[in-house]
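> I have a structure here, written as structure tokens, and I will follow up with some questions on it.
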Ligand code: ADP
Ligand code: TYD
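Numbering (my numbering), first residue to last: 137 to 339.
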């Protein structure tokens with residue numbers, strides 16, 4: 137089963153993944169956790185380029201790099217794990233590409249992005265996606281004085297369009313569960329667990 141977590145930076149994805157991962161492990165369920173971009177040596181190198189490159193990256197180059205990192209992770213790790221019956225938790229997947237590169241950056245037309253996402257994901261579709269919904273200012277406050285990476289330095293306008301993107305995608309896709317990310321982390325965790333149980337997972 138593939139479960140993805142989406143939302144802007146600082147929405148609490150890592151926190152929820154950590155909690156759910158721990159709960160699944162203590163129920164002796166096989167679980168693997170990855171973050172995007174990353175999770176394989178090639179994908180981690182691409183991550184470094186995307187997030188910490190000092191030089192300009194063209195918007196189309198950017199979307200292709202995120203997609204390349206994803207393709208490597210899916211082909212190299214995720215497909216096998218899913219075949220073995222593992223529960224895979226992913227910190228971001230292609231909904232981030234649609235929201236950030238599609239809505240935030242207007243890199244390509246949405247139809248082309250949909251097509252590219254399918255290719256990069258080798259046709260894998262998440263069984264369940266949690267969208268942790270939070271406003272720009274509140275997420276900024278949470279991240280505090282942390283040094284911003286290349287994407288995080290893209291400005292308020294960009295983030296507002298990205299949030300709008302996540303909102304629109306979640307209205308279209310039934311697999312996406314929208315959670316109010318401003319609630320306390322343990323409350324959100326309980327909602328996550330409740331939903332996961334609906335898939336017959338005894339967590
Ligand atoms: P993301 O992975 O989406 O960037 P994190 O899980 O790293 O987000 O959380 C960003 C910051 O917000 C961290 O300092 C974390 O402790 C805090 N945080 C996470 N969830 C909540 C919550 N529900 N309420 C308040 N603060 C939270
Ligand atoms: P990361 O540190 O993993 O995110 P977070 O701060 O939420 O923990 O950084 C990944 C960054 O890359 C984040 O700003 C979102 C962005 N991103 C895209 O723009 N497109 C994508 O397809 C993906 C997977 C991430």
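Note that CB positions come from ideal geometry on N, CA and C, so glycine has one too.
Let me know the beta strand (DSSP E) ranges lying completely inside the region 164-221, each 3 residues or longer, listed in chain order.
167-171, all fully within the region 164-221.
> Give the single residue among 213, 228, 229, 230 whose Cα lies nearest to the Cα of residue 222.
Checked all of 213, 228, 229, 230; the closest Cα to residue 222 is 213.
> Excluding sequence positions up to five away, which residues of its chain have a Cβ less than 8 Å from the Cβ of residue 287?
Taken in chain order, the residues that qualify are 145, 186, 187, 236.
> Are the CB atoms of residue 244 and residue 196 within a distance shorter than 8 Å?
Yes, they are a contact pair.
> Which residues are close to ligand 3, meaning CB closer than 5 Å to any heavy atom, in chain order?
Ligands in the displayed structure: ligand 1 and ligand 2; ligand 3 is not one of them.
> With distance defined between alpha-carbon atoms, name the residue in 305, 257, 238 nearest to residue 269.
The residue with the shortest Cα to Cα distance from residue 269 is 305.
> Using CA coordinates, which residue listed in 161, 138, 137, 184 is at the minimum distance from residue 202?
Of the candidates 161, 138, 137, 184, the one whose C-alpha sits nearest the C-alpha of residue 202 is 184.
> By DSSP's criteria, residue 244 is part of a beta bridge. Which residues make up the other side?
Answer is none; residue 244 lacks a bridge partner.
> Near residue 272, which residues of its chain fall below 8 Å by C-beta distance, leaving aside the five closest residues on each side in sequence?
So the list reads 144, 292, 295, 296, 299, once near-sequence residues are dropped.
> If you follow the beta strand (DSSP E) that residue 267 is in, where does it begin and where does it stop?
Its beta strand (DSSP E) spans residues 264-269.
> Hey, would you say residue 302 sits closer than 8 Å to residue 267, going by beta carbons?
In this structure, residue 267 lies closer than 8 Å to residue 302 by Cβ.
> Rounded to whole angstroms, what's the CA-CA distance from residue 311 to residue 140? Just pull it up for me.
Each residue's Cα considered, the two are about 10 Å apart.
> Could you tell me the alpha carbon to alpha carbon distance between residue 256 and residue 339, rounded to whole angstroms?
C-alpha separation (whole angstroms): 31 Å.
> Relative to the alpha-carbon of residue 231, which residue among 206, 157, 323, 290 has its alpha-carbon at the smallest distance?
Measuring from the Cα of residue 231, the nearest candidate turns out to be 206.
> Quick one: using the 10 Å Cβ neighbour count with 16 as the cut-off for buried, is residue 315 buried or exposed?
Per the 10 Å Cβ criterion, buried.
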